[in-house]
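Visitor:
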Amino acid sequence: MYETAIGMEVHLELCTRSKVFCGCSTNYGGAPNSQACPVCLGLPGSLPVLNKRAVEFAIKASLALNCEVAPETKFDRKNYFYPDLVKGYQISQYDKPIGRNGYIEFEVEGVTRRVGIRRVHLEEDTGKSFHDVAAERTYLDFNRSGVPLIEIVTEPDIRSSAEAKSYLEALREIMEYIEVSDCRIEEGSMRCEANISIRPTGSSDYGILNEIKNIGSLRGVQRALEYEIKRQTELVSSGGIVLRQTRRWNESELKTEVMRTKEEAHDYRYFPEPDLVQLVIDNSWLNKCRSEIPELPRARRERYVRELGITPYDAEELVADRALAQYFEGVARLGTEPKLAANWLLSDLRRELNQASLAIEQVKLREAGFSELMVLVSSGAIGSKTAKDILGELVHSGVSPAAYVKEKGLAQLSDTSEIEKFVEQAIADSPKIVADYRVGKERALTALVGVVMKLSRGKAKPELVNDLLTQKLNKGRL
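The numbering used here applies: residue 81 is where the sequence shown begins, and numbers increase by one.
As structure tokens, then:
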């Protein structure tokens with residue numbers, strides 16, 4: 081029997097406005113080579129100037145991942161040759177990363193897993209090659225060259241493809257919460273590589289490592305690892321030897337393929353970057369960065385369950401969307417019962433957002449308006465059906481729910497004499513349903529309530545309708 085040891089390397093583009101060593105824009109989707117300068121292109125005489133905000137984002141990421149932040153760090157040249165690396169080297173960090181010795185905790189099938197974070201370091205991104213624009217030609221776009229990256233490297237603590245996927249989901253959630261990266265895999269701002277080996281169960285020695293590149297989705301990570309676990313296990317079980325390789329994931333054929341033999345650190349001929357001085361991170365700077373980190377997702381979920389009394393499932397759903405969680409907190413602070421707010425946000429409001437293709441930030445019904453709507457529902461001023469019917473209009477207009485209900489005459493009827501007229505009409509108009517009720521078919525009462533609600537245009541208070549119908553039918557009064 082064999083067990084798997086997996087380590088992840090994740091590159092995250094930082095959401096600074098300018099690049100890490102120059103003032104060029106980092107906006108995604110510009111015309112090819114429209115956001116490049118002599119520094120991006122490595123022209124003779126150009127010199128890098130470090131982006132302070134990129135360093136702060138790297139510090140925040142390190143703190144959020146429970147890392148030790150280095151009081152002194154430096155940059156190094158990582159030398160290799162590739163068409164989209166125009167200088168022939170990448171400015172990165174080798175032996176003195178900004179963060180090291182951290183960890184991340186996450187849930188997998190109800191079990192808490194902890195994965196060690198070996199290092200978090202800051203570096204520059206490369207350009208991008210396009211091989212499919214024209215036959216027998218490769219085009220290069222250097223807009224991405226110099227965009228700030230952090231690389232987050234784990235210890236080989238992950239034991240399955242499902243754990244790897246859960247780790248990446250937890251990591252992405254944290255990075256989005258602290259707003260250092262948008263983590264958009266489809267745009268390349270989050271890129272994942274997996275290092276995997278197998279070993280006899282219980283062994284303390286690791287097997288031969290293979291690195292998997294070119295993975296374009298979290299689901300792809302899981303599939304690639306499942307394939308590689310099966311490949312290596314079958315190879316070793318049949319007496320073969322796993323070679324140290326870098327492999328690419330072929331999404332169309334759902335398999336890994338050999339790219340090259342795996343490089344070692346000495347292959348990159350690291351040496352200190354001569355054009356950048358050593359970086360000192362003092363306590364005041366470190367504390368400033370720490371003060372800007374919000375409550376992290378796991379702690380927020382636990383607080384929602386513990387203090388607000390909502391279910392673990394609802395807490396998970398709310399916290400998964402930082403903007404939605406912020407909206408929920410605003411509504412709860414205004415005195416709305418948290419369970420009621422969570423139910424409406426996760427069902428009715430989210431349905432309206434999906435139908436209109438809106439993000440919660442674009443909704444004109446802000447927290448105070450939503451809280452007002454909840455008061456109308458919980459007080460019985462309007463029925464839940466009426467509230468659901470008008471929610472779409474409120475989301476787009478942002479008008480006061482109370483004012484809208486008054487203007488449209490939608491307030492729920494609580495006058496017994498007025499409701500009684502609708503009840504008597506429903507009984508008179510529905511002799512078959514009444515007959516069914518009197519022979520013991522209890523569901524007939526629900527049908528009659530529906531008739532009354534239709535006659536009253538949804539304004540009659542359902543509880544009163546139910547009571548009046550029961551009284552009249554049981555007494556045989558028509």
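C-beta atoms are modelled at their ideal positions from N, C-alpha and C, and glycine is treated no differently.
Bear in mind the structure is a predicted one, so any value in this text is a computation, not a measurement.
#1: According to DSSP, simplified to helix, strand and coil, what is N290?
#2: Would you mind stating whether V475 and E432 have Cβ atoms separated by less than 8 Å?
#3: Secondary structure at P418, three-state DSSP: helix, strand or coil?
#4: Rank A405, Q435, A436 by C-alpha distance to the C-alpha of L425 and give the top, closest one.
#5: Does DSSP put S364 in a helix, in a strand, or in coil?
#6: What did DSSP end up calling K167 once you bin it into helix, strand or coil?
#7: In three-state terms, what does DSSP make of R557?
#8: May I ask which residues mark the beginning and end of the alpha helix (DSSP H) holding G530?
#9: Classify I278 as buried or exposed, calling it buried when 16 or more other Cβ atoms lie within 10 Å of its own Cβ.
#10: Who are the near neighbours of S510 in its chain, counting only those whose CB is closer than 8 Å to its CB and skipping five residues on each side?
#11: Would A138 and V200 be called neighbours here (beta carbons separated by less than 8 Å)?
#12: Could you pull the start and end residues of the alpha helix (DSSP H) that T206 belongs to?
#13: Does the Cβ of L558 have 16 or more other Cβ atoms within 10 Å, making it buried, or fewer, making it exposed?
#14: Taking G196 and E148 to be in contact with their CB atoms under 8 Å, please state how far apart those CB atoms are, rounded to whole angstroms.
#15: According to DSSP, is V188 part of a helix, a strand, or is it coil?
#16: Nearest to T106 by CA position, among L438, P228, S284, K534, is which residue?
#17: Which whole-angstrom value describes the C-beta separation of K208 and R224, a residue pair presumed to lie in contact below a C-beta threshold of 8 Å?
#18: Let me know the alpha helix (DSSP H) ranges lying completely inside the stretch 375-452, each 4 residues or longer, listed in chain order.
#19: From P418 to E447, what does the alpha carbon distance come to, in whole angstroms?
#20: Going by C-alpha distance, which of L127, V135, L123 is nearest E93?
#21: Answer yes if the stretch 108-119 comes into contact with the stretch 271-285, meaning at least three C-beta pairs across the two stretches below 8 Å, and no otherwise.
#22: Would you kindly work out how many angstroms separate the C-alpha atoms of D469 and Y82, rounded to a whole number?
#23: Tell me the residue span of the alpha helix (DSSP H) that contains Y484.
#24: So for P542, helix, strand or coil by DSSP?
#25: List the endpoints of the continuous beta strand (DSSP E) containing R349.
#26: Distance, Cα to Cα, Y484 vs R413?
#27: Using only alpha-carbon positions, find the residue among G182, T466, L456, Y517 that is nearest to A150.
#28: Of the residues I276, E243, R349, T153, which one's Cα is nearest the Cα of F186?
#29: Quick one: residues in its chain with C-beta nearer than 6 Å to the C-beta of S142, no 5 flanking neighbours on either side, listed in chain order?
#30: When we look at the beta-carbon of E291 and count the other beta-carbons within 10 Å, is it buried (16 or more) or exposed?
#31: Go through its chain and collect everything with a Cβ distance to N554's Cβ below 8 Å, but skip five positions before and after it.
#32: By alpha-carbon positions, which one of K539, E308, G103 ends up nearest to A491?
#33: Could you give the residue range of the beta strand (DSSP E) that holds M81?
#34: Using a Cβ-Cβ cutoff of less than 8 Å, which residues in the same chain neighbour E235 once the five nearest sequence positions on both sides are dropped?
#35: Run through DSSP, which three-state label would C263 get?
#36: At the level of alpha carbons, what is the spacing between E397 and S172?
Guide: This is what the structure holds:
#1: strand
#2: yes
#3: helix
#4: A405
#5: helix
#6: coil
#7: Reliability of the predicted coordinates at R557 is poor, the pLDDT of 41 falling under 50, and the value obtained from them is presented with this limitation in mind. Coil.
#8: 523-535
#9: buried
#10: A527, L528, V531
#11: yes
#12: Careful: T206 lies outside any alpha helix (DSSP H) and carries neither H nor E.
#13: Residue placement at L558 is flagged as unreliable, the pLDDT there being 43, under the threshold of 50; a coordinate-derived value is accordingly withheld.
#14: That pair is no contact at about 12 Å.
#15: strand
#16: P228
#17: 5 Å
#18: 377-388, 392-399, 402-413, 418-424, 430-436
#19: 13 Å
#20: V135
#21: no
#22: 57 Å
#23: 481-488
#24: helix
#25: Taken as a continuous stretch (DSSP letters only), R349 belongs to no beta strand (DSSP E), as it is neither H nor E.
#26: 23 Å
#27: G182
#28: E243
#29: V149, I178, G179, V200
#30: buried
#31: none
#32: K539
#33: Where M81 is concerned, there is no enclosing beta strand (DSSP E), given that its DSSP letter is neither H nor E.
#34: G87, V195, G196, I197, R198
#35: coil
#36: 37 Å
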